[in-house]
Amino acid sequence: MISLEDAARKPLPSPDADTAALWRGLRDGQLLLQHCDDCGNVQFYQQGFCRHCSGENLTHRPASGRGKVHSFSVVHRAPGPAFKNDVPYAVLLVELAEGPRMISTYTGGKPDEVTFDMDVVLVCEPVSDDIALPRFKRA
Amino acid sequence: MTKAAALAGHRNSLRGQVAIVGIGLSPVGKVPGRSPLWLAAAAAKQALADAGMQKSEIDGVLASPAMAAQFHRFSVAFSEYFGVRPTFSNTLQVSGATAATMFNIAAAAIHGGLAETVLVVGGDSLLSGLTPELALRSLTESRDQQYEMPFGIPVANTFAMTAHRHMKEFGTTPEQLAQVAVTQRRHAARTPGAQQTEPITVEDVLNSKMVTSPYRKLDCSLISDGGAAFVLTSAERAKALGIEKPIYILGGGECYTHEHIFLMPSLTTTGAVQSSQKAYAMAGYGPKDMHTAGVYDCFTGTVIMMLEDLGFCPKGEGGRFVADGQMTYGGQIPSNTHGGLLSFAHSGIPGSLFHFHEVVAQLRGECGARQVASAELGLVHSLGAGFATNATTILGTENTL
Chain A
717 MISLEDAARK
727 PLPSPDADTA
737 ALWRGLRDGQ
747 LLLQHCDDCG
757 NVQFYQQGFC
767 RHCSGENLTH
777 RPASGRGKVH
787 SFSVVHRAPG
797 PAFKNDVPYA
807 VLLVELAEGP
817 RMISTYTGGK
827 PDEVTFDMDV
837 VLVCEPVSDD
847 IALPRFKRA
Chain B
679 MTKAAALAGH
689 RNSLRGQVAI
699 VGIGLSPVGK
709 VPGRSPLWLA
719 AAAAKQALAD
729 AGMQKSEIDG
739 VLASPAMAAQ
749 FHRFSVAFSE
759 YFGVRPTFSN
769 TLQVSGATAA
779 TMFNIAAAAI
789 HGGLAETVLV
799 VGGDSLLSGL
809 TPELALRSLT
819 ESRDQQYEMP
829 FGIPVANTFA
839 MTAHRHMKEF
849 GTTPEQLAQV
859 AVTQRRHAAR
869 TPGAQQTEPI
879 TVEDVLNSKM
889 VTSPYRKLDC
899 SLISDGGAAF
909 VLTSAERAKA
919 LGIEKPIYIL
929 GGGECYTHEH
939 IFLMPSLTTT
949 GAVQSSQKAY
959 AMAGYGPKDM
969 HTAGVYDCFT
979 GTVIMMLEDL
989 GFCPKGEGGR
999 FVADGQMTYG
1009 GQIPSNTHGG
1019 LLSFAHSGIP
1029 GSLFHFHEVV
1039 AQLRGECGAR
1049 QVASAELGLV
1059 HSLGAGFATN
1069 ATTILGTENT
1079 L
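First to last, the sequence lines map onto chains A and B. The first sequence runs 717 to 855 under the working numbering. The second sequence runs 679 to 1079 under the working numbering.
If you want it as structure tokens, here you go:
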């Protein structure tokens, strides 16, 4: 059970050994995807093994930043006090041009503009000194 | 030899080996001034009385965790509180799917000799034990801290995105979603103790406040207090005890396809396909054989997708199936006859134990005005965490063995 004080703060990622590179990349304006040198699998998020072949020869390459909205949901009731001032906002399930999907939120427009299969492009938005969140705007 | 009989002979199968011999419910809904442990213990006391057993006869305890309790080991804390010293115990956690896994694992433990009589128990007080804000935030805490939570994604949102995609792919409508809530509210009206019994219409659902599109307030499960408990023992012991109507575990199956919603293989076809197929195969029965079902209903669209994945109707037909009255009395599979999480009660993980309570009561023929005629075979499907976790249990009367 968390305290009311903690509930009022927005959760921020704590990069770990597997994911530090991802968050460093985002801070520098790049979304890094892992490419498996053994089987060619492309994956999001960063981890020590390829999820397909268990290979460990993984290379980080910047994503094109282009994707499509596979699904979305506009949040009208905030999940706790920290997000109360943000509603309504559109949570996106983005399918990146490289294949992997990721969760994000819509930026640079009103949530009711979002449609299925809409083309979107990455925007890295700083939320603290160390963390920039990958959001998407209309392409 | 029938398929069922052939499977019954399988050396490792749980089919028919273990029976539910006692069931109990605490008060549910708004139960102020009662802790999760009290709710669990009140249900356990009832389940033992129902079985005609003493607590000293319990040698196993399986529990689900409680959000409104600080215990890391709820099953152990429960045992102390209830005054038992089990020699088999665990607190299981696969979110909403936990309930069915508790039955499957309890059956395996009894069949495998780890315990003779297991108490399956859960209780939580999401309504009275947490503020609404903390309850919502606690539910959200279950999402991934790095890739999901920073975006303000309520757990409802993961389910909403699956339903939204289902609407896009199959033409499922908001009215069809609403029909699930309307049907279950009608069911709850005949269930003593249900939290919400006031009749609602499709218009009421469509006019209720948007929570996370496409889900409105009345598409969402309740927030409640409550506990449920069950006594399980071997089929032989159930006989020796002279239990009048033992309800047997005929099959169980689970499936875990992802952790993060963005790694869900398909937003519209879930691990319930595999978990139910495994359960059906073990039971030697199929979806058309079921007389009643408890279908996890955290949201209305969840039920529509599950009716498809559990094999009650073809993929994409769930909306029409519900609108056509197939999930209620006189239809193909009367489901959530107690009102479900949408109208009976939803006290977190124990919420799906209420589905078990209802299906067992139906199979025992104890449901009075809401009894499904001649119900002998029932299915309960529990799921959680944006369809990350799925578990199915198939139950039957002595006639179905």
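All residues carry an ideal CB built from backbone N, CA and C; glycine is no exception.
### Query
Using 8 Å as the limit for Cβ to Cβ distance, is P832 (chain B) near chain A?
Yes - at least one Cβ of chain A is within 8 Å of the one on P832 (chain B).
### Query
So what does DSSP say about A683 (chain B), is it helix, strand or coil?
Unreliable positioning characterises A683 (chain B) in this predicted model, as indicated by a pLDDT of 49, which lies under 50. The coordinate reading is nonetheless provided below. In this structure, A683 (chain B) counts as helix in the three-state DSSP scheme.
### Query
Using a Cβ-Cβ cut-off of 6 Å (strictly less than) and excluding sequence neighbours within five positions of P842 (chain A), which residues of its own chain qualify?
Excluding its 5 nearest sequence neighbours in each direction, P842 (chain A) has C-beta neighbours in its own chain below 6 Å: A848, listed in chain order.
### Task
Please work out which residues of its chain come closer than 8 Å, Cβ to Cβ, to V803 (chain A), disregarding the five sequence neighbours upstream and downstream, and give them in chain order.
The residues are V791, H792, R793 and A794.
### Message
Given a cut-off of 8 Å on the beta-carbon distance, is the pair L740 (chain B) and N768 (chain B) in contact?
### Response
Closer than 8 Å, so yes.
### Backbone CA spacing between N690 (chain B) and P924 (chain B) [nearest angstrom]
Our two residues, N690 (chain B) and P924 (chain B), have alpha carbons roughly 21 Å apart in a direct line.
### Message
List, in chain order, every chain B residue whose beta-carbon is nearer than 9 Å to that of D845 (chain A).
### Response
Residues of chain B passing the Cβ test: none, with the nearest at roughly 15 Å.
#### Entry: Beta bridge counterpart(s) of T911 (chain B) as assigned by DSSP
DSSP lists B:A697 and B:T795 as partners of T911 (chain B).
### Query
Excluding five sequence neighbours on each side, which residues of the same chain lie with their C-beta closer than 8 Å to the C-beta of G738 (chain B)?
Hits under 8 Å: P764, T765, F766, S767, A784, A787, I788, L792, A793, E794, T795, V796 and L797.
### Task
Ignore the nearest five residues each way along the sequence and tell me which others in S773 (chain B)'s own chain have a CB closer than 6 Å to its CB.
Result list for S773 (chain B): G1062, A1063 and T1067, in chain order.
### Task
Find out if the Cβ-Cβ distance for the pair V807 (chain A), H786 (chain A) is shorter than 8 Å.
Cβ atoms of V807 (chain A) and H786 (chain A): not closer than 8 Å.
### Message
For a minimum of 3 consecutive residues, which ranges assigned as the beta strand (DSSP E) are wholly contained in the region 771-854 of chain B?
### Response
Counting only runs of 3 or more, we get 795-803.
### Task
Could you say which of B:H1024, B:T879, B:V860 and B:G1074 lies nearest to P705 (chain B) if we only look at CA atoms?
Closest option to P705 (chain B), judged by alpha-carbon separation, among B:H1024, B:T879, B:V860 and B:G1074: B:H1024.
### Query
Residue range of the alpha helix (DSSP H) that V785 (chain A) falls in?
First-last for V785 (chain A): R782 to V791, but that is the beta strand (DSSP E), not the alpha helix (DSSP H).
### Query
Of all Cβ atoms in chain A, is any one closer than 8 Å to the Cβ of A686 (chain B)?
Annotation note: pLDDT 49 at A686 (chain B) (below 50); position unreliable, coordinate value reported separately. Not flagged as an interface residue toward chain A: A686 (chain B), since no C-beta distance is shorter than 8 Å.
### Message
Along the chain, where does the alpha helix (DSSP H) containing T978 (chain B) start, and where does it finish?
### Response
Unbroken alpha helix (DSSP H) run through T978 (chain B): T978 to D987.
### Message
When you compare the CB of L742 (chain A) with every CB in chain B, is at least one pair closer than 8 Å?
### Response
By this cut-off, L742 (chain A) is not an interface position.
### Message
So, under 8 Å CB-CB, F756 (chain B) and L717 (chain B) are touching, yes? Tell me the CB distance rounded to an integer number of Å.
### Response
The beta-carbon distance between F756 (chain B) and L717 (chain B), rounded to whole angstroms, is 10 Å. This is too long to meet the 8 Å contact definition.
### Task
May I ask you to report which of helix, strand or coil DSSP gives E735 (chain B)?
Secondary structure at E735 (chain B): helix, using DSSP grouped into helix, strand and coil.
#### Entry: Assumed close pair L985 (chain B), V1037 (chain B) - CB separation to whole angstroms, cut-off 8 Å
With a Cβ gap of about 15 Å, L985 (chain B) and V1037 (chain B) do not count as contacting.
### Message
Taking the straight line between their C-alpha atoms, what separation do you get for P816 (chain A) and F765 (chain A)?
### Response
Roughly 16 Å between the two C-alpha positions.
### Message
My parser needs the beta strand (DSSP E) runs of 3 or more residues fully inside the region 884-932 of chain B; what are they?
### Response
If we require 3 residues or more, the beta strand (DSSP E) runs fully inside the region 884-932 of chain B come out as 888-890 and 903-912.
### Query
Between the region 864-892 of chain B and chain A, which residues of the former have a C-beta closer than 8 Å to a C-beta of the latter?
Listed by position along the chain: K887, M888, V889, T890, S891 and P892.
### C-beta neighbour in chain D for T735 (chain A), strict 8 Å
Chain labels in this structure do not include chain D; the protein chains are A and B.
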